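Undergrad: According to the working numbering, the sequence shown is numbered sequentially starting from 860. All C-beta atoms in this analysis are idealised placements derived from N, C-alpha and C, irrespective of residue type, glycine included. Just so we're clear, the structure is a prediction, and the values are computed from it rather than from any experiment. Sending over a structure as structure tokens; questions will come in a sec.
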Amino acid sequence: MGEKVVAGPFGLSDRQLYRDKLRQCLAGLERLLEEKRFDRPKNLMGVEIELNLVGADGLPRMMNAQVLERIASRDFQTELAMFNLEVNIAPHRLGGRVFDQLSEELRTSLAYADRKAGEVDAGIVMIGILPTLDRDDLVSSNLSAGDRYTLLNDQIVAARGEDFTLDIEGVERLVCTSKSIAPEAACTSVQLHLQVTPERFADVWNAAQAVTAAQVAIGANAPFLFGHELWRESRPPLFQQSTDTRPPELQAQGVRPRTWFGERWISSAYDLFEENLRFFPALLPICDDEDPLGVLDAGGVPKLAELTLHNGTVYRWNRPVYGIADGVPHLRVENRVLPAGPTITDVIANAAFYYGVVRALAEESRPVWTRMPFETAAANFDEACRHGIDARLQWPRRGRYGGVGPVDAVNLVREELLPLAEAGLDAWGVEPVDRDFYLGVIEERCRRRVNGASWQVETFHQALDKGIGRDAALAATTRRYCELMHAGEPVHMWPVGLPEPVPMG
């Protein structure tokens, strides 16, 4: 939802007009694909990271407008709630020392932003869900200022027609209601973009879907919400339930949720945009003046504004993106699976693993999606979110008998996916020193069975065992997390537990 959205109340005819316009846009996309108008391969990737603002006490600070005013950089922008920011890193070409370059750019950007936030007694933290968030923090009055947030909230609430119910059963069970989409703001993520040609799009998207579970297993970093210990990666169930336009009756009918893993392997990017139109009513039926087919007839490139806006209100974990750069259209796969953090090194290691393994899987002669049912990939994603680094996944067996069988996520990553990621990064032309360092971080996480979620949970429980109260333990865990995040060592090297107080002489 990066577009600037300005509109008043919608009339009864607006959605019909918008639906007609969406169909024109889809026909325009189909023509662009048929006429091979898309950009040549450029091996471009991009990264967006959602951030939280916290005080020295570890509690959220509702002041993104003040912090952004001080940062004064177009690389930073608001996100859904007042304690959220987002940093966007300019696209890079995959190859060479790209990951070290990204790491350095992020270090510089985040250090500057943290310094500016410090001027108003706040700090920046990268984490999947801030453990100290309270239900009172996630209310509509704490949504960021701006028409698009208010409008999106109003439309999702109107579509649902009743309070949102959050019911997540993990280590503990959380049941509560919300009158707005504000709980969605608890989910802070990393988005990894990869520009691909139409010919390669389906293979890359299918590969990305197949490895979502492995990404989450090694990268989970959101075990707490509203003082409850839930799933090791609680963002997906929270995101789905806090944006769910379906009352229970529509859920019972099998109507698809807007936060969606999908239901099939695809053969073209067109499949995903067509599903968006077929399954999901418009939330923001705002029509542009452009005639997309007329623009095509005149030899131009249509913006397909309605198609892209509608696509931004369907929350796929791997989202197709249509864009235009320098007058030339392109397609991207936007991977939205990973939580933010814990450190810049961890974020870049997750990115290196993803870009490497997706390249290798997309180019296999017998692709994994021809050997594994889509339902298995979806079940794997759920299992990885629940159990994180300890997940057991189903994966195609090697050898003559085929089929799928159970495997520990860490063993799958170490024995099969890391060698693929290495080959994929070689194919991108990434320097071996970058490749080995960042994939080595993933290897160590698997070897030690440590990720952000496991560190948070162990540190929290050690604090409880020392007699610290629950809220105080969550706050202390958050403060310690922030210290270690800023120190910068990857999470597998973090000492578990709170530091012992230094005795006074």
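Going by the DSSP bridge assignment, what does valine 1266 pair with across the sheet?
TA: Paired residues: Leu1252.
Undergrad: With three or more beta-carbon pairs closer than 8 Å as the criterion, would you say the region 940-951 touches the region 1038-1058?
TA: Segments in contact, yes.
Undergrad: In chain order, which continuous runs of the alpha helix (DSSP H) of length 4 or greater are located wholly inside the region 1258-1308?
TA: Counting whole runs of 4 or more residues, the region 1258-1308 contains the alpha helix (DSSP H) stretches 1268-1271, 1277-1287 and 1291-1307.
Undergrad: Can you say whether arginine 1032 is buried or exposed, counting buried as having 16 or more other CB atoms within 10 angstroms of its CB?
TA: With fewer than 16 Cβ atoms within 10 Å of its Cβ, arginine 1032 is classed as exposed.
Undergrad: Name the DSSP bridge partner or partners of valine 979?
TA: According to DSSP, valine 979 bridges with nothing at all.
Undergrad: Does DSSP put methionine 1352 in a helix, a strand or coil?
TA: Helix, per DSSP.
Undergrad: State the CB to CB distance for the pair valine 1300 and valine 1192, rounded to an integer number of angstroms; the pair is presumed to be in contact (CB under 8 Å).
TA: The Cβ separation is near 23 Å, so there is no contact.
Undergrad: Taking buried to mean at least 16 other C-beta atoms within 10 Å of its own C-beta, is threonine 1036 buried or exposed?
TA: By the 10 Å Cβ count, threonine 1036 comes out exposed.
Undergrad: Please say whether asparagine 1080 and asparagine 1310 have beta carbons closer to each other than 9 Å?
TA: Yes, the pair counts as a contact, with Cβ atoms nearer than the cut-off.
Undergrad: Taking only runs of the alpha helix (DSSP H) that begin and end inside the region 1139-1178, which ones reach a length of at least 4 residues, in chain order?
TA: For the region 1139-1178, whole alpha helix (DSSP H) runs of length 4 or above, ordered along the chain, are 1151-1156 and 1164-1170.
Undergrad: Does the beta-carbon of glycine 861 have 16 or more other beta-carbons within 10 angstroms, so that it is buried, or is it exposed?
TA: In this prediction, glycine 861 has a pLDDT of 45, which is less than 50 and means its spatial position is unreliable; what the coordinates show is noted afterwards. Glycine 861 should be labelled exposed.
Undergrad: Out of Ala1128, Leu1220, Glu1348 and Thr1318, state which residue places its alpha-carbon closest to the alpha-carbon of valine 1355.
TA: Of Ala1128, Leu1220, Glu1348 and Thr1318, the residue nearest in Cα terms is Thr1318.
Undergrad: Once you ignore the five residues that flank serine 1313 on each side, which residues in its own chain have a CB closer than 7 Å to its CB?
TA: Gly1247 and Ile1248, listed in sequence order.
Undergrad: So is glutamate 1021 buried or exposed if we call it buried at 16+ other beta carbons inside 10 Å?
TA: Glutamate 1021 comes out exposed.
Undergrad: Would you check if the distance between the CB atom of glycine 1288 and the CB atom of glycine 955 is smaller than 9 Å?
TA: The answer is yes: Cβ separation under 9 Å.
Undergrad: Closest to valine 1114 by CA distance: which of Glu909, Arg1137 and Asp1130 is it?
TA: Among Glu909, Arg1137 and Asp1130, the Cα nearest to that of valine 1114 belongs to Arg1137.
Undergrad: Give the range of the beta strand (DSSP E) segment to which isoleucine 1027 is assigned.
TA: Counting along the chain, the beta strand (DSSP E) containing isoleucine 1027 begins and ends at 1023-1028.
Undergrad: Within the chosen definition, does the region 1249-1267 reach the region 1059-1079 through at least 3 CB pairs nearer than 8 Å?
TA: Touching, yes, given that three or more Cβ pairs across the two stretches are closer than 8 Å.
Undergrad: Can you give me the Cβ contacts of leucine 1163 inside the same chain, cut-off strictly under 7 Å, excluding the 5 residues immediately before and after it?
TA: Result list for leucine 1163: Cys884, Gly887, Leu888, Pro1151 and Tyr1181, in chain order.
Undergrad: Rounded to a whole number of angstroms, what is the C-alpha to C-alpha distance between alanine 1280 and leucine 876?
TA: Alanine 1280 and leucine 876: Cα-Cα distance of roughly 46 Å.
Undergrad: Please state whether the Cβ-Cβ distance between glutamate 907 and serine 1003 is less than 9 Å.
TA: In this structure, serine 1003 does not lie closer than 9 Å to glutamate 907 by Cβ.
Undergrad: Name the residue from Pro1161, Ser932 and Ala1210 whose alpha carbon lies nearest to the alpha carbon of glutamine 960.
TA: Answer by Cα proximity: Ala1210.
Undergrad: Would you call the region 913-921 in contact with the region 1319-1339, where contact means no fewer than 3 C-beta pairs closer than 8 Å?
TA: Counting Cβ pairs under 8 Å, three or more are found: they touch.
Undergrad: Ignore the nearest five residues each way along the sequence and tell me which others in asparagine 902's own chain have a CB closer than 6 Å to its CB.
TA: Cβ neighbours of asparagine 902 beyond the five flanking positions: Arg952 and Leu953.
Undergrad: Roughly how many whole angstroms lie between the Cα atoms of phenylalanine 1023 and isoleucine 983?
TA: Taking the straight line from one Cα to the other gives about 29 Å.
Undergrad: Is the beta carbon of lysine 975 closer than 9 Å to that of isoleucine 1040?
TA: Their beta carbons are not under 9 Å apart, which means isoleucine 1040 does not touch lysine 975 by this criterion.
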